Amino acid sequence: MWMRSCFLHRLVASSVKISEAAGGVIKDILCDGDLKIIDKGGSGKTADLQTEADRAAQYCIVKSLHAVFGDKITIIGEEETTSFTPRIEKGFCSKVLSLNDKCPENLRDINPEDVVIWVDPLDGTVEIANAAKKSAAVLAQVTVLIGIAYRGRPIAGVIHQPYYEGRENGRTVWAINGVGTYGMDYVKEDNKEQKIVVTTRSHGTSSVDAALDALNKKGLADTVVRVGGAGYKVMRILEGAAAYVFASQGCKKWDTAACEAVIEGTGGRLTDISGRLLNYEKGVQLNNTGGVLVTACWVDHQDYLNSIPDALKEALPEFQAKN
Numbered sequence: 001m002w003m004r005s006c007f008l009h010r011l012v013a014s015s016v017k018i019s020e021a022a023g024g025v026i027k028d029i030l031c032d033g034d035l036k037i038i039d040k041g042g043s044g045k046t047a048d049l050q051t052e053a054d055r056a057a058q059y060c061i062v063k064s065l066h067a068v069f070g071d072k073i074t075i076i077g078e079e080e081t082t083s084f085t086p087r088i089e090k091g092f093c094s095k096v097l098s099l100n101d102k103c104p105e106n107l108r109d110i111n112p113e114d115v116v117i118w119v120d121p122l123d124g125t126v127e128i129a130n131a132a133k134k135s136a137a138v139l140a141q142v143t144v145l146i147g148i149a150y151r152g153r154p155i156a157g158v159i160h161q162p163y164y165e166g167r168e169n170g171r172t173v174w175a176i177n178g179v180g181t182y183g184m185d186y187v188k189e190d191n192k193e194q195k196i197v198v199t200t201r202s203h204g205t206s207s208v209d210a211a212l213d214a215l216n217k218k219g220l221a222d223t224v225v226r227v228g229g230a231g232y233k234v235m236r237i238l239e240g241a242a243a244y245v246f247a248s249q250g251c252k253k254w255d256t257a258a259c260e261a262v263i264e265g266t267g268g269r270l271t272d273i274s275g276r277l278l279n280y281e282k283g284v285q286l287n288n289t290g291g292v293l294v295t296a297c298w299v300d301h302q303d304y305l306n307s308i309p310d311a312l313k314e315a316l317p318e319f320q321a322k323n
């Protein structure tokens with residue numbers, strides 16, 4: 001099955017298992033209790049926390065990918081510093097390989113050197129750092145993100161939720177362009193009761209609030225739920241929320257690469273708040289300076305774009321760095 005599958009399906013099949021291994025690393029470190037928290041932001045006003053779980057999870061992911069696929073693949077991870085863990089994963093998800101025949105022709109001949117893999121080893125670090133009481137509701141917001149880009153666009157992604165309630169090994173959702181999104185039964189229709197919008201819990205700004213207010217006035221955001229982690233916000237959309245709105249510059253490419261592949265596999269969309277597509281080529285700027293707008297498959301993305309004030313869009317240009 002492995003040898004008969006194309007590179008992309010093998011990469012995703014491995015990434016599913018690797019994300020779950022990284023989730024196990026995170027849980028082991030949190031259980032131990034010694035998070036070794038540092039602030040990568042230094043003396044800046046906005047804290048950019050990093051824990052031992054972030055560092056070890058990234059080590060696990062990067063070393064596992066290289067162990068299976070060699071050094072030709074390009075991996076861009078959030079953490080510049082990693083911590084050794086003996087856990088190296090070489091297994092694969094057979095479900096991904098079983099769908100190899102569904103892979104679009106234009107993605108079948110991709111080689112390891114053709115892709116850029118964007119890794120957020122622990123999306124929701126603030127939630128881990130603040131989970132002194134190990135609140136199940138807070139820990140559920142933690143995800144492991146592995147996004148795969150080709151020619152600047154995401155073609156596959158994995159979101160693993162280590163602390164999904166009711167499952168000892170968590171929950172993993174994965175997607176491949178043209179194949180679909182798998183791992184959960186996602187909501188495909190409007191419940192016609194209210195439109196729930198998810199947004200940041202720990203990185204709020206006046207521009208975020210202004211965008212939400214504008215959407216509320218248009219009947220597009222009846223209820224706002226503030227949670228952590230881009231990956232978890234997308235999971236909330238799959239569970240029935242209408243949109244994820246972040247009219248600010250704080251989100252980065254490793255936060256959105258996997259999310260975009262997963263949401264688009266359901267028929268939803270992810271752009272910046274002006275409707276521009278994000279570029280995931282090697283060498284692009286890391287920050288999504290145009291903000292992020294994600295919508296479910298059952299709402300009109302353009303309605304949300306049109307309802308966000310132009311002044312906010314003009315204040316958040318998506319600059320592109322040169323390769």
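Counting in the UniProt record's numbering, the final residue of the sequence shown is number 323, and the numbers go up one at a time with none missing.
We treat Cβ as the ideally placed atom computed from N, Cα and C, and that holds for glycine.
Source: prediction; values computed, not measured.
Requested in this report: Out of 84, 112, 152, point me to the one whose CA is closest to residue 279's CA.
Outcome: Counting from one through the sequence shown, the residue named residue 279 turns up at place 279. Of 84, 112, 152, the residue nearest in Cα terms is 152.
Query raised in the report: Of all the options 174, 140, 281, 33, which has the alpha carbon lying nearest to the alpha carbon of residue 166?
Result: Position 166 of the sequence shown, counted from the first residue, corresponds to residue 166. With distances taken between Cα atoms, residue 166 lies closest to 140.
Query - Every unbroken beta strand (DSSP E) within the stretch 165–202, with a cutoff of 3 residues, ordered by chain - result: 171–176, 180–182, 196–200
Query raised in the report: Which first and last residues belong to the beta strand (DSSP E) in which residue 149 is found?
Result: Within the sequence shown, numbered from 1, the residue matching residue 149 stands at position 149. Segment 143–150, the beta strand (DSSP E) holding residue 149.
Report task. State the Cα-Cα distance for the pair residue 123 and residue 40, rounded to the nearest angstrom. Result -> Taking the sequence shown and counting its residues from 1, the one referred to as residue 123 is at position 123. Taking the sequence shown and counting its residues from 1, the one referred to as residue 40 is at position 40. The alpha-carbon atoms of residue 123 and residue 40 are separated by roughly 15 Å.
Query - DSSP state of residue 320 mapped onto helix, strand, coil - result: As a position in the sequence shown, residue 320 is number 320, starting the count at 1. Caution applies to residue 320, whose pLDDT of 47 falls short of 50 and renders its modelled position unreliable; the model cannot decide the point.
Query raised in the report: Taking C-beta to C-beta, are residue 53 and residue 26 nearer than 8 Å?
Result: Here residue 53 is taken as the residue at index 53 of the sequence shown, counted from 1. Here residue 26 is taken as the residue at index 26 of the sequence shown, counted from 1. Going by C-beta atoms, residue 53 is nearer than 8 Å to residue 26.
Query - Residues of its chain near residue 282, where Cβ-Cβ distance is below 8 Å and the 5 sequence neighbours each way are ignored - result: For this step, residue 282 is matched to residue 282 along the sequence shown. So the list reads 74, 76, 116, 323, once near-sequence residues are dropped.
Report task. Put residue 209 into one of helix, strand or coil per three-state DSSP. Result -> Numbered from its first residue, the sequence shown carries residue 209 at position 209. Correct three-state label for residue 209: helix.
**Report entry** Other residues of its chain near residue 15: CB distance less than 6 Å, five sequence neighbours each side excluded
**Finding:** Sequence index remark: in the sequence shown, residue 15 carries index 15 (1-based). Here the set comprises 146, 158.
Requested in this report: Name the one or two DSSP bridge partners that residue 294 has.
Outcome: Numbered from its first residue, the sequence shown carries residue 294 at position 294. Looking at the DSSP assignment, residue 294 forms a beta bridge with 244, 270.
Report task. Reducing DSSP to helix, strand and coil, say where residue 249 ends up. Result -> The count along the sequence shown starts at 1 and reaches residue 249 at position 249. Three-state DSSP puts residue 249 in coil, outside helix and strand.
Query - C-beta neighbour in chain D for residue 120, strict 8 Å - result: Judged by its chain identifiers, the structure shown contains no chain D, having just a single protein chain.
Requested in this report: Quick one: give me the first and last residue of the beta strand (DSSP E) that residue 156 is part of.
Outcome: Counting from 1 along the sequence shown, the entry for residue 156 is found at position 156. Unbroken beta strand (DSSP E) run through residue 156: 153–161.
Query raised in the report: Where does residue 222 land, buried or exposed, given buried means 16+ other C-beta within 10 angstroms?
Result: Counted from its first residue, the sequence shown places residue 222 at position 222. Exposed, because fewer than 16 other Cβ atoms sit within 10 Å of the Cβ of residue 222.
Requested in this report: Could you check what DSSP says for residue 279 in three-state terms: helix, strand or coil?
Outcome: For this step, residue 279 is matched to residue 279 along the sequence shown. Three-state result, residue 279: coil.
**Report entry** Cβ neighbours of residue 23 in the same chain (closer than 7 Å, five flanking residues each side left out)
**Finding:** Here residue 23 refers to the residue found at position 23 of the sequence shown. For residue 23, where only same-chain residues beyond five positions count, the Cβ hits under 7 Å are 144, 160, 162, 170.
Report task. Tell me whether residue 108 sits in a helix, a strand or coil according to DSSP, three-state version. Result -> As a working note, residue 108 is residue 108 in the sequence shown. Helix, per DSSP.
Query raised in the report: Is DSSP giving residue 358 helix, strand or coil here?
Result: This structure leaves residue 358 out entirely; the chain is present only between 1 and 323.
Query raised in the report: I think residue 64 touches residue 18, with their Cβ atoms under 8 Å apart; what is that distance to the nearest whole Å?
Result: Within the sequence shown, the letter at position 64 stands for residue 64. Within the sequence shown, the letter at position 18 stands for residue 18. Indeed, because the Cβ distance is near 5 Å, the residues count as touching under 8 Å.
Report task. Report all residues from its chain with a CB closer than 7 Å to the CB of residue 214; omit the five preceding and five following residues, and keep chain order. Result -> Position 214 of the sequence shown holds residue 214. Cβ within range, chain order: 307, 308, 309.
Query raised in the report: Residue range of the beta strand (DSSP E) that residue 120 falls in?
Result: The residue labelled residue 120 in the question sits at position 120 within the sequence shown. It spans 115–123 - the beta strand (DSSP E) in which residue 120 sits, taken as one unbroken run.
Report task. With DSSP as the reference, label residue 73 as helix, strand or coil. Result -> As a position in the sequence shown, residue 73 is number 73, starting the count at 1. Note: residue 73 maps to coil in three-state DSSP.
Requested in this report: Please confirm whether residue 195 and residue 242 have their CB atoms less than 8 Å apart.
Outcome: Position 195 of the sequence shown holds residue 195. Position 242 of the sequence shown holds residue 242. Contact flag set, yes.
Query raised in the report: Near residue 210, what residues of its chain come up, given a Cβ to Cβ distance below 8 Å and the 5 sequence neighbours on each side ignored?
Result: Within the sequence shown, the letter at position 210 stands for residue 210. These residues qualify, in order along the chain: 247, 309, 312.
Query raised in the report: Should residue 235 go down as buried or exposed, given a rule of 16 or more other Cβ atoms within 10 Å for buried?
Result: Translated into positions along the sequence shown, residue 235 becomes position 235. With 16 or more Cβ atoms within 10 Å of its Cβ, residue 235 is classed as buried.
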